[in-house]
Amino acid sequence: MTRKARDTFAVVSSGAPDAEEAAARLVARYGNSPVDEADIIVALGGDGFLLQTLRETMGSGKQVYGMNRGTVGFLMNEFQENGLRERLHAAVAETIRPLQMDTVLADGTGLRALAINEVALWRQSYQTAKIRITIDEKVRLEELSCDGVMVATPAGSTAYNLSAHGPILPLDAPLLALTPVSPFRPRRWRGALIPQASVVRFDVLEADKRPVNVAADHTEAKSVLSVTVQQSQDETATLLFDASHSWSERILAEQFRY
672 MTRKARDTFA VVSSGAPDAE EAAARLVARY GNSPVDEADI IVALGGDGFL
722 LQTLRETMGS GKQVYGMNRG TVGFLMNEFQ ENGLRERLHA AVAETIRPLQ
772 MDTVLADGTG LRALAINEVA LWRQSYQTAK IRITIDEKVR LEELSCDGVM
822 VATPAGSTAY NLSAHGPILP LDAPLLALTP VSPFRPRRWR GALIPQASVV
872 RFDVLEADKR PVNVAADHTE AKSVLSVTVQ QSQDETATLL FDASHSWSER
922 ILAEQFRY
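Number 702 in my numbering belongs to position 31 of the sequence shown; there are no gaps in the numbering.
Spelled out as structure tokens, the structure:
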């Protein structure tokens, strides 16, 4: 569905030279609203900066339109100086709901964080991690020996999840990807697709001998005992894509690249 036209936008930059130059050109041509007053945030940089912008504006009702001034830019629209207002008015909105991570650390304290891409656990030392996986209070895998394991959203399925040979998910798929990293036992387990409403719990086995870290996107914790992951019920973020190069089209094209 095409987003309702709005006129106020703020241009923000990752700080990289290419992004700063592009931001200066756009501001000189179109002006610039303060971030707290803008309906749309035009983010110039790479995917990492876009995710940072989404986290900072989550729950605010602001929409984020990224233009690539980074490297890969899978989540970004192509940078063009001309016709910015028209592109924003015609852009297609995709609303995503982040993952909520609740973890218990070795010292007994807890940490909560949100992740747009994935919540990932990985071994902290040379020792293989051993992790029990429970979904909706039912143990599904008593012991996974691995380098790590993650829960990825559709938005994050083309990031770390894909590099670990996980599946690519359309943005509107009501699913999460549960993907192991270098599984040793069970050796042939390749992960699972689970309903987006699932509550996933990871319990670290032999935590003293085999310490495990966790990260919700860029929020990291060391030496965790357990991690619970579920879709946030309160927070949302909205991305804007050019109608000619929608997220759905990118997901489909990515699966035929090789």
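Even glycine gets a Cβ: it sits at the ideal position worked out from N, Cα and C.
Does the beta-carbon distance from residue i to residue j come in below 7 Å?
i: A800; j: A914; result: no
i: A823; j: A784; result: no
i: R881; j: Q798; result: yes
i: A764; j: T909; result: yes
i: G717; j: G744; result: yes
i: G827; j: V852; result: no
i: V706; j: D807; result: no
Let me make sure I understand the geometry here. Which of the options has the alpha-carbon closest to that of residue i?
i: L864; options: N832, E891, E906; result: N832
i: G779; options: A835, R858, A892, L842; result: A892
i: S704; options: G781, V790, V683; result: V683
i: T907; options: E708, T824, T766, R881; result: T766
i: L792; options: L715, F927, M738, N884; result: N884
i: S903; options: Q751, D874, Q926, Q867; result: Q867
i: D905; options: W860, R768, D888, G827; result: R768
i: L755; options: Q771, A693, G741; result: A693
i: G930; options: G837, R921, T829, V895; result: This structure leaves residue 930 out entirely; the chain is present only between 672 and 929.
i: P857; options: S897, I804, P845, L842; result: I804
i: V875; options: L715, I802, S816; result: I802
i: S834; options: E708, A844, M821; result: M821
i: P841; options: D888, L812, I922; result: I922
i: S919; options: P825, R859, E727; result: P825
Roughly how many angstroms separate the alpha carbons of residue i and residue j, rounded to a whole number?
i: P854; j: Q926; result: 23 Å
i: M672; j: I711; result: Its pLDDT being 39, under 50, M672 is placed unreliably in this model, and the value from its coordinates should be taken loosely. C-alpha separation (whole angstroms): 17 Å.
i: Y736; j: L911; result: 5 Å
i: Q901; j: A878; result: 23 Å
i: M738; j: N753; result: 13 Å
i: D773; j: S897; result: 8 Å
i: A690; j: R700; result: 15 Å
i: G862; j: G837; result: 7 Å
i: M747; j: V775; result: 35 Å
i: H889; j: L715; result: 19 Å
i: R811; j: W860; result: 12 Å
i: V698; j: S816; result: 52 Å
i: R758; j: K733; result: 17 Å
i: E814; j: G741; result: 40 Å
i: S796; j: Q723; result: 29 Å
i: I839; j: L725; result: 21 Å
i: E708; j: D678; result: 11 Å
i: S731; j: P688; result: 28 Å
i: A777; j: G719; result: 29 Å
Assuming residue i contacts residue j under a Cβ cut-off of 8 Å, what Cβ separation, rounded to an integer in Å, is found between them?
i: A844; j: E789; result: A844 to E789, Cβ: 15 Å. No contact.
i: V713; j: F680; result: 5 Å
i: A695; j: L770; result: The Cβ separation is near 36 Å, so there is no contact.
Check: What runs of the beta strand (DSSP E), each 3 residues or longer, lie entirely inside the stretch 771 to 797?
Finding: Runs of the beta strand (DSSP E) inside the stretch 771 to 797: 781 to 786, 789 to 794.
Margin query: So within the stretch 823 to 902, which uninterrupted beta strand (DSSP E) runs reach at least 3 residues, ignoring any that extend past its ends?
Written below: Fully enclosed beta strand (DSSP E) runs of 3 or longer: 846 to 852, 863 to 866, 871 to 876, 883 to 887, 890 to 892, 895 to 902.
Note to self: My parser needs the beta strand (DSSP E) runs of 3 or more residues fully inside the stretch 672 to 733; what are they?
What the structure shows: Complete beta strand (DSSP E) runs here, min 3: 680 to 684, 711 to 716.
Note to self: Quick check on the DSSP output: what are the complete alpha helix (DSSP H) runs of length 4 or more inside the stretch 742 to 772, in order along the chain?
What the structure shows: The stretch 742 to 772 contains these whole alpha helix (DSSP H) runs: 755 to 761.
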